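Protein chains in written order, with our numbering: chain A, 384 to 496; chain B, 4 to 117. Backbone N, C-alpha and C define an ideal beta-carbon position, used for all residues, glycine too. Bear in mind the structure is a predicted one, so any value in this text is a computation, not a measurement. Written below as structure tokens is the structure these notes are about.
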């Protein structure tokens with residue numbers, strides 16, 4: 384019940400295209416859903432996060448869509464750029480307290496020119 | 004730069020040996036988390052400490068142990084190393100509870116067991 388399932392495992396997108404990564408969770412107690420971006424040789428860094436009181440959050444070219452009833456959320460990268468090539472992890476946690484984050488398995492995104 | 008520091012950056016050792024990985028959290032952060040990331044794998048949560056006390060345990064092997072010291076730095080000890088322990092080990096820290104849910108990751112320690 385603690386798992387977060389992420390797909391696809393890898394993704395190749397043309398420059399200027401839309402990259403979409405999907406995640407699903409089981410634990411209805413989760414109320415914080417961040418996405419982390421990891422470049423090769425670096426630690427993951429928070430990209431964008433959403434709480435279930437909204438269905439969408441947008442920051443620049445990055446958008447999270449959240450479907451509470453389906454227990455799914457997704458990351459959309461608009462106008463994908465080669466610099467977006469990285470591994471993306473979705474995650475979920477129960478906010479506040481001594482939060483333990485459950486991570487998805489990651490999606491390796493490659494944006495080709 | 005997240006403000007989380009990890010040493011060493013690289014570590015090469017032999018099977019059966021013991022190593023210690025060190026992590027210094029961001030100033031003001033009381034929680035420290037350890038994760039293992041094997042080649043092309045996700046982030047496996049190992050263990051969490053808050054202000055010196057163990058708070059959560061994940062898939063941490065009995066050969067591994069950790070602690071958080073009074074100055075809040077943390078060490079992850081890996082013993083009787085096996086080839087399969089070769090991985091990136093990340094430390095993350097987060098601010099006190101009920102302030103934010105973001106975790107800040109260090110640059111990682113790459114462990115190679117030969």
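Checklist entry - CA-CA distance, residue 433(A) and residue 386(A)? => result On the first chain, position 50 is the one that residue 433(A) refers to. On the first chain, position 3 is the one that residue 386(A) refers to. C-alpha separation (whole angstroms): 18 Å.
Next on the checklist: Considering only their Cβ atoms, is the gap separating residue 64(B) from residue 89(B) smaller than 9 Å?
Outcome noted: Taking the second chain and counting its residues from 1, the one referred to as residue 89(B) is at position 86. Taking the second chain and counting its residues from 1, the one referred to as residue 64(B) is at position 61. Residue 64(B) sits away from residue 89(B), with the two beta carbons spaced by 9 Å or more.
Checklist entry - residue 419(A) CB to nearest chain B CB: under 9 Å? => result As a first step, residue 419(A) must be located in the first chain, where it is residue number 36. Cβ-Cβ to chain B under 9 Å: yes for residue 419(A).
Next on the checklist: Here's the rule: buried if 16 or more other CB atoms are within 10 angstroms of the residue's CB, otherwise exposed. What is residue 460(A)?
Outcome noted: Against the first chain, residue 460(A) aligns to sequence position 77. Buried is the call here.
Item to check | Integer-rounded CB distance, given that residue 415(A) should sit under 8 Å from residue 104(B) | outcome: In the second chain, the residue the question calls residue 104(B) occupies position 101. In the first chain, the residue the question calls residue 415(A) occupies position 32. Yes, residue 104(B) and residue 415(A) are in contact; Cβ-Cβ is about 5 Å, under 8 Å.
Checklist entry - Do you know how far the Cα of residue 404(A) is from the Cα of residue 463(A)? => result Here the question's residue 463(A) lines up with position 80 in the first chain. Here the question's residue 404(A) lines up with position 21 in the first chain. Each residue's Cα considered, the two are about 13 Å apart.
Next on the checklist: Would residue 46(B) and residue 52(B) be called neighbours here (beta carbons separated by less than 9 Å)?
Outcome noted: Your numbering for residue 46(B) matches position 43 in the second chain. Your numbering for residue 52(B) matches position 49 in the second chain. Cβ atoms of residue 46(B) and residue 52(B): not closer than 9 Å.
Next on the checklist: Against chain A, does residue 105(B) count as a neighbour if the rule is that its beta carbon must be under 9 Å from one of theirs?
Outcome noted: By one-based count along the second chain, residue 105(B) stands at place 102. So yes, residue 105(B) belongs to the interface.
Next on the checklist: To be precise: take each residue of the stretch 427 to 455 of chain A, compare its Cβ to all Cβ atoms of chain B, and keep it if any distance is under 7 Å. Which residues remain?
Outcome noted: Taking a C-beta cut-off of 7 Å against chain B, the contacting residues of the stretch 427 to 455 of chain A are 427, 428, 429, listed in chain order.
Checklist entry - Across which residues does DSSP place residue 67(B) in a beta bridge pair? => result Mapped onto the second chain, residue 67(B) falls at position 64. DSSP lists 81(B) as partners of residue 67(B).
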